[in-house]
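J.: Taken in order, the sequence shown gives residues 98 to 720; the numbers are from this note's numbering. Positions of the beta carbon are idealized from the N, C-alpha and C atoms, including for glycine. In this text, all values refer to a predicted model and were calculated from it rather than measured experimentally. Pasting in a structure now, in C-alpha cells, and then I'll have a few things to ask.
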Amino acid sequence: MWIILRHRLHGSINDINQTLTNMAMDSRLMPSAASSSSSFCEGRVHSSASTPSLRSRDAALSMPAKMDGGGNVKVVVRVRAFLKRETNKSSPPELERQAKCLIDMDPITQLTTLYSPDDQDPEAAKLKTRKVIEEKKFTFDNSFWSHDTNDEHYATQEDVYNSLGEDFLDHNFEGYHTCIFAYGQTGSGKSYTMMGTPDQPGLIPRTCEDLFERIDAAHSENSNVAYNVRVSYFEVYNEHVRDLLVPPQTHKAPNYLKIRESPTEGPYVKDLTEVPVRNINEILRYMKLGDTSRTVASTKMNDTSSRSHAVFTIMLKQIHHDMETDETTERSSRIRLVDLAGSERAKATEATGARLREGSNINKSLTTLGRVIAALADPKSSRTGKRREVVPYRDSILTWLLKDSLGGNSKTAMIACIAPSDYDETLSTLRYADQAKRIRTRAVVNQDHISTAERDAQIAAMAEEIRMLQLSVSDSRQREKNAKEAEEKLEEYQTHVNSMQRMMEERSMVAESKIKKLQTENEALKLHLKLAIESLKNPIPPVPVKTESELDEQDKEDASEFGEDDDEYDSESTAYGEEDELQEEMHRYLQDMGNLRKLMTADLTRFKTEDSARMPLGTKENF
98 MWIILRHRLH
108 GSINDINQTL
118 TNMAMDSRLM
128 PSAASSSSSF
138 CEGRVHSSAS
148 TPSLRSRDAA
158 LSMPAKMDGG
168 GNVKVVVRVR
178 AFLKRETNKS
188 SPPELERQAK
198 CLIDMDPITQ
208 LTTLYSPDDQ
218 DPEAAKLKTR
228 KVIEEKKFTF
238 DNSFWSHDTN
248 DEHYATQEDV
258 YNSLGEDFLD
268 HNFEGYHTCI
278 FAYGQTGSGK
288 SYTMMGTPDQ
298 PGLIPRTCED
308 LFERIDAAHS
318 ENSNVAYNVR
328 VSYFEVYNEH
338 VRDLLVPPQT
348 HKAPNYLKIR
358 ESPTEGPYVK
368 DLTEVPVRNI
378 NEILRYMKLG
388 DTSRTVASTK
398 MNDTSSRSHA
408 VFTIMLKQIH
418 HDMETDETTE
428 RSSRIRLVDL
438 AGSERAKATE
448 ATGARLREGS
458 NINKSLTTLG
468 RVIAALADPK
478 SSRTGKRREV
488 VPYRDSILTW
498 LLKDSLGGNS
508 KTAMIACIAP
518 SDYDETLSTL
528 RYADQAKRIR
538 TRAVVNQDHI
548 STAERDAQIA
558 AMAEEIRMLQ
568 LSVSDSRQRE
578 KNAKEAEEKL
588 EEYQTHVNSM
598 QRMMEERSMV
608 AESKIKKLQT
618 ENEALKLHLK
628 LAIESLKNPI
638 PPVPVKTESE
648 LDEQDKEDAS
658 EFGEDDDEYD
668 SESTAYGEED
678 ELQEEMHRYL
688 QDMGNLRKLM
698 TADLTRFKTE
708 DSARMPLGTK
718 ENF
C-alpha cells in the first residue's frame, strides 16, 4: 500500500514543483523562490513532467478561450534531388537506369504536376504491366522545388523554414499548439527536411534557434514576462514507445513507455523524460543525444533508413505578471515536430528478418495514419450524433499520440516529401497530402488568468495534499520499519537462544568431566580409607622399648651369636614411636575424607542449581 502512496506522492510533488518553478521565474512574484528556481531547473532530468497539467478542467472551460475560428491543415510538398542509385553514373552504360524527373512545380500557382514515366526507365515498365499511368495535378499551400540546385526557384533549408517554421513559431508565442510532420516514402528526404545536416540544419534545429532568439529579444523589451522551455524526444518503434533521452543499456531489454489519455490534455506518454533548457546549446545537445539513440538501419532503398517514427516536442510556457492588477497570465503552447519513418515495399527494399518486421509495422502505422486522414477529411466526421464516423485513432500508437494534432487543439502542417522518379510512391504520397489539406482543426489559445488569491489558494491546497501524502507514506514506512525491527529482534533472540544452548552444552560437558574426576578421586580416597580401617582393626603389636645398655648387650649377643662385627649395624635405624605415627596418619586420612565429602556435596548442589536455572523448558537433566 505504501508503494502506491509513494508513487502518488512523487507524481504530485513533481507536478507541483513544475508549477511552482513556472511561478518563480519572475522574482517579483515569489522573491523567496526565485533564488532557488535556477538551481532547481539546472541540469535536472525528470520523468514525470509529461503528465497532464494541474489546471482544473472546470476552470479551463470557464476561462474565455480565444478561438481561431477553425483552420485547415497546412500541406506543403517538397521534391528532392536525384540519388546515386537513381542515375548510376558510376555504372556501365548498359546498367544505368537513366531516370528522369517526373515532377514539375509552379512557384506562382503552387501547382504540382506528376508526369508519366519514360518508357526507357526499367522501373516504369513494371508499373505499366498492371495499370494505366497518367498525368496527375495537385495544388498545395506551398511547393518546394529542391531538385536542381542550379534552378532559380531552388528551395533551400532556410526557405522551407522561412515559409513554414516561422509562421508556426508565431502561433506558439500566441498560445497555440502546433505540429509539423514529414510524410513520404523511404528515402524521400524526410529526415533531411526535419533534422538536416550540420552544414544544412533542418526545420527542427532552426525552430529551436529561432525560439531562443525570440526569447532573448523579448527579455530585453519586456522584463515582466518569464519564459520556461522544456523538451522531450521519443520514438515509436515496432508499435512501442521508447524514450530517446534515456540512453539504452546494453544487455538489457528496452524500457517501453505506456500511453495514457487525459480529458484536458489528450493522449500523452507516461513517465516520458522532459528536460528544461535555457539556450540553444542545451537543446541541441539533447537533440544529438536522442538522434544517437534512434533506431536506423541500411536498406536497398536507403543507407540510413529511419526504422521508427521520431517525435521531438518543445513545451513553451510564458508567464506574465501585471503589476497593476496583480494578476498572473500563464500561456502554454506545444511544438510537436515529427519525423515519420518512410513507407516501403518489401520487394523494393529486399528486407528480411528484423528489417522486414520493422517495415511491416511502419506500413501498418502509416496505413492507419492514412485512414485517419481520410476519415478526418470526410465531411461526415464533422457530424454529431450517431451518424458521426468514428476515426480509428487507437488502431496504432502513432495516430493515437497524434490525435490532438490531427483533429484537435492544434495548428498542424504536413510536409509531403516525394522522390523525383518514383511514380507509384509519389502518387500515393500526393493523394494522402491532398486529403490532409481538407482536415480542419480546432485550435484555441491555451491561456489561464490567475489572481494572487487564487494562486495562494492553489499553493496552499497543493501543500496540504503533499502534507497528507507525506503523512500516509510516513505511517506506512513506520509500520514497515516496526515490522522489520520486530523481525530483527526475533532473529537476534533466536541467535541468543542458540548461543545459550551451545553454552549450556559446553558447561554440561565440563561439569561431567569434573564429576568424573571427583568420582575417581573419591574411589581413591575410599581405597585409602579402607586400608586405614583395616590397619586399625589389625594393629601391629608394640615393640618393648629397651634401654641403651640393654640394646648394647643385645647387639653384642647377636654379634657373638652370628659372628658379626658391631660396626656393621647402623645404630641410627631404630624406630621410635611407630604406633603414634600410624595413629596420626590415620587421623589425617579421616579429615581428608570429611573435607572431600563436603566438597563433593557442595559442587553437586551448585551444578544442579545452575543447570536447572539455565535449562530450557522441556529439557531433562543429565545428572
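Report the residue from Asn-378, Glu-371, Thr-347 and Glu-421 whose alpha carbon sits nearest the alpha carbon of Val-408.
T.: Glu-371
J.: Since Leu-199 contacts Tyr-520 with CB under 8 Å, what's their CB separation in whole angstroms?
T.: 6 Å
J.: When you compare the stretch 281 to 301 with the stretch 512 to 519, are there three or more beta-carbon pairs, one atom per stretch, that lie closer than 8 Å?
T.: yes
J.: Give the DSSP-derived three-state secondary structure of Glu-232 in the structure shown.
T.: coil
J.: Does the stretch 270 to 283 come within contact of the stretch 317 to 325, defined as at least 3 CB pairs closer than 8 Å?
T.: no
J.: Within 10 Å of its beta-carbon, does Pro-476 have 16 or more other beta-carbons around it, so buried, or fewer, so exposed?
T.: Classification of Pro-476: exposed, given that the 10 Å Cβ count is below 16.
J.: For Gly-439 versus Thr-283, is the C-beta distance shorter than 7 Å?
T.: yes
J.: Alpha carbon to alpha carbon, how far is Leu-566 from Asn-574? Give it in angstroms, no decimals.
T.: Reading off the sequence, residue 574 comes out as Arg, not Asn. When rounded, the distance between both Cα atoms is 12 Å.
J.: Could you check where the beta strand (DSSP E) with Asp-340 kicks off and where it finishes?
T.: 337 to 340
J.: In whole angstroms, what is the alpha-carbon distance linking Ser-493 and Leu-354?
T.: Whole-angstrom Cα-Cα distance: 15 Å.
J.: Considering only residues of the same chain and omitting the five flanking positions on each side of Pro-64, which have a CB-CB separation below 6 Å?
T.: For residue 64 there is no data in the structure shown, the boundaries of the chain being 98 and 720.
J.: Rank Asp-419, Glu-603 and Thr-392 by C-alpha distance to the C-alpha of Pro-344 and give the top, closest one.
T.: Thr-392
J.: Once you ignore the five residues that flank Glu-232 on each side, which residues in its own chain have a CB closer than 8 Å to its CB?
T.: If we look at Glu-232 and ignore the five residues flanking it on each side, its Cβ neighbours are Thr-210, Leu-211, Tyr-212 and Ser-213.
J.: Identify which residue in Val-326, Gln-680, Lys-197 and Leu-693 has its Cα closest to the Cα of Lys-181.
T.: Lys-197
J.: If you follow the beta strand (DSSP E) that Asn-325 is part of, which residue opens it and which one closes it?
T.: 322 to 334
J.: Select from Ile-356, Ile-459 and Ile-312 the residue whose C-alpha is nearest the C-alpha of Gln-415.
T.: Ile-312
J.: In the DSSP output, which residue or residues are listed as bridge partners for Val-607?
T.: In the DSSP output, where bridge partners are listed per residue, Val-607 has none listed.
J.: Within 10 Å of its beta-carbon, does Gly-166 have 16 or more other beta-carbons around it, so buried, or fewer, so exposed?
T.: Bear in mind that the predicted position of Gly-166 carries a pLDDT of just 44, short of 50, making it unreliable; the figure below should be weighed with that in mind. With fewer than 16 Cβ atoms within 10 Å of its Cβ, Gly-166 is classed as exposed.
J.: Expressed to the nearest angstrom, what Euclidean distance is found between the alpha-carbon atoms of Asp-201 and Thr-236?
T.: Taking the straight line joining both Cα atoms gives about 12 Å.
J.: How many angstroms separate the CA atom of Phe-270 from the CA atom of Glu-427?
T.: One C-alpha to the other measures close to 12 Å.
J.: What is the rounded straight-line gap between the Cα of Ala-672 and the Cα of Asp-649?
T.: Any reading at Ala-672 is ruled out, since the residue's pLDDT is 49, under 50, leaving its predicted position unreliable.
J.: With C-beta atoms as the reference, is Ile-377 less than 7 Å away from Glu-263?
T.: no
J.: Below 7 Å between beta carbons: does that hold for Ala-178 and His-244?
T.: yes
J.: Going by CA-CA distance only, name the one from Val-366, Asn-352, Asn-460 and Glu-424 that's closest to Ser-405.
T.: Nearest of Val-366, Asn-352, Asn-460 and Glu-424 to Ser-405, Cα basis: Asn-460.
J.: Return yes when the Cβ of Tyr-273 is within less than 7 Å of the Cβ of Ala-540, no when it is not.
T.: yes
J.: Do Arg-433 and Asn-169 have their C-beta atoms closer together than 7 Å?
T.: no
J.: If distances are taken between C-alpha atoms only, which option among Asn-352, Arg-375, Thr-361 and Gly-691 comes closest to Asp-368?
T.: Asn-352
J.: Closest to His-721 by CA distance: which of Glu-336, Ile-301, Arg-375 and Tyr-383 is it?
T.: Here the chain comprises residues numbered 98 to 720, so residue 721 is not present and cannot be evaluated.
J.: Helix, strand or coil: how does DSSP classify Lys-534 here?
T.: Reduced to three states, the DSSP call for Lys-534 is coil.
J.: Is there a Cβ from chain B that is less than 7 Å from the Cβ of Lys-653?
T.: The structure shown contains no chain B; it is built from a single protein chain.
J.: Would you mind giving the Cβ-Cβ distance between Pro-302 and Leu-381, rounded to the nearest angstrom? I have them listed as a contact below 8 Å.
T.: Indeed they touch by this definition, with Cβ atoms about 6 Å apart.
J.: Can Ala-629 and Met-690 be called in contact, C-beta distance under 7 Å?
T.: no
J.: How many whole angstroms separate the CB atoms of Thr-304 and Leu-341, which I take to be in contact at a CB cut-off of 8 Å?
T.: About 18 Å separates the two Cβ atoms, so there is no contact after all.
J.: Count the other CB atoms within 10 Å of the CB of Ala-443; is the residue buried (16 or more) or exposed (fewer)?
T.: Confidence in Ala-443 is poor, its pLDDT being 48 and thus under 50, which makes the residue's placement unreliable; the coordinate value appears in the next sentence. Exposed is the call here.
J.: Helix, strand or coil for Glu-371 per DSSP?
T.: strand
J.: For Asp-238, which residues from the same chain have a beta carbon less than 6 Å from its beta carbon, with the 5 sequence-adjacent residues on both sides left out?
T.: Non-local beta-carbon contacts of Asp-238 in its own chain, meaning distances under 6 Å to residues more than five positions away in sequence, involve Lys-171, Val-172 and Val-173 in chain order.
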